[in-house]
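Reading through the structure tokens given below for one structure.
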Amino acid sequence: MPSRYRVASIIVLLAAWSGLLIFPACRPAPTEAEMKAMIEIRDVETKWVSKEYRAWPPKLVLVPSISFRVKNLSDKPLTYVNFNAIFKFKDDQENLGDCFLAAIRRTPVPPGGMSPVILLVSNFGVEGKTLASFENNPMWKPVIIKLFAQNRGSDHILLGTYPCSKTIDFTEPAPAETGPGEKKSNQ
79 MPSRYRVASI IVLLAAWSGL LIFPACRPAP TEAEMKAMIE IRDVETKWVS KEYRAWPPKL
139 VLVPSISFRV KNLSDKPLTY VNFNAIFKFK DDQENLGDCF LAAIRRTPVP PGGMSPVILL
199 VSNFGVEGKT LASFENNPMW KPVIIKLFAQ NRGSDHILLG TYPCSKTIDF TEPAPAETGP
259 GEKKSNQ
């Protein structure tokens, strides 16, 4: 009988010891000050991109977007950082759209290093018929983008507020020379 108790106690001891090896990696979530000291947002670019385009019947939906890179200011590799962008018209209280992205995952950003470009695109935008129709579209108003980050279970921490430029990253295809059902003439 004593050998069974010995085996059981060894198993319990090994389980407790392995738990000590695993759980030190579970550090507490960073505070807002720690998070802002760990990362710096660089190379910010805002623009409008096409979400949907249809030549006939004409329809073009443009959505605001933000792209950026992250510089790791800490002395440890940066992993498991999620970003959330909230897009809203400048004077409105309600959100136009949002985008959540688990951006920095398996490939850590080394200390002092920069991440690849991260792109967040709103899920909602403004509808028009063509690019030219946006020039006088009353719904195409100034948009602000609030950028948040989250790391290791922290709260969403506001990193900055950015105005969305009126730059449109979309080119309409050239119109077809013939209409539907028409044939080209050989002249």
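For reference, each letter of the sequence shown is one residue, going 79 to 265 in the working numbering.
We treat Cβ as the ideally placed atom computed from N, Cα and C, and that holds for glycine.
Cβ-based burial, residue i [other Cβ within 10 Å; buried from 16]
i: Gly203; result: buried
i: Ile89; result: exposed
i: Met217; result: exposed
i: Gly190; result: exposed
i: Pro142; result: buried
i: Asn150; result: buried
i: Thr109; result: exposed
Beta-bridge pairing of residue i - partner residues as DSSP gives them
i: Gly175; result: Phe165
i: Asp247; result: Val127
Rounded Cβ spacing between residue i and residue j (contact assumed at less than 8 Å)
i: Val221; j: Ser145; result: Going by Cβ atoms, the distance from Val221 to Ser145 rounds to 15 Å, so no, they are not a contact pair.
i: Leu225; j: Ile119; result: 7 Å
i: Asp121; j: Arg147; result: 5 Å
Residue i (DSSP reduced to helix, strand or coil)
i: Lys137; result: strand
i: Leu98; result: Because the pLDDT of Leu98 is 46, which lies under 50, any placement of that residue in the model is unreliable, and the number read from its coordinates should be weighed accordingly. It is helical.
i: Arg84; result: helix
i: Met113; result: helix
i: Ala210; result: helix
Distance between residue j and residue i (C-alpha atoms, nearest Å)
i: Ala181; j: Thr249; result: 28 Å
i: Asn229; j: Asn160; result: 6 Å
i: Met192; j: Phe165; result: 25 Å
i: Glu130; j: Lys244; result: 18 Å
i: Glu112; j: Lys168; result: 29 Å
i: Leu140; j: Asp153; result: 40 Å
i: Asp247; j: Val127; result: 5 Å
i: Ala163; j: Pro251; result: 30 Å
i: Ala133; j: Ser211; result: 14 Å
i: Tyr240; j: Pro188; result: 26 Å
i: Asp233; j: Pro106; result: 12 Å
i: Leu237; j: Ser87; result: 50 Å
i: Ile213; j: Gly206; result: Residue identity differs from the one stated: residue 213 is Glu in this sequence, not Ile. So the two alpha carbons sit approximately 10 Å from each other.
i: Pro186; j: Thr157; result: 5 Å
i: Leu303; j: Ser200; result: Summary: the structure shown does not reach residue 303, with the chain confined to residues 79 through 265, and so no result is reported for it.
Short CB-CB distance (under 9 Å) between residue i and chain C
i: Thr249; result: In summary, chain C is missing from the structure at hand, where a single protein chain is found.
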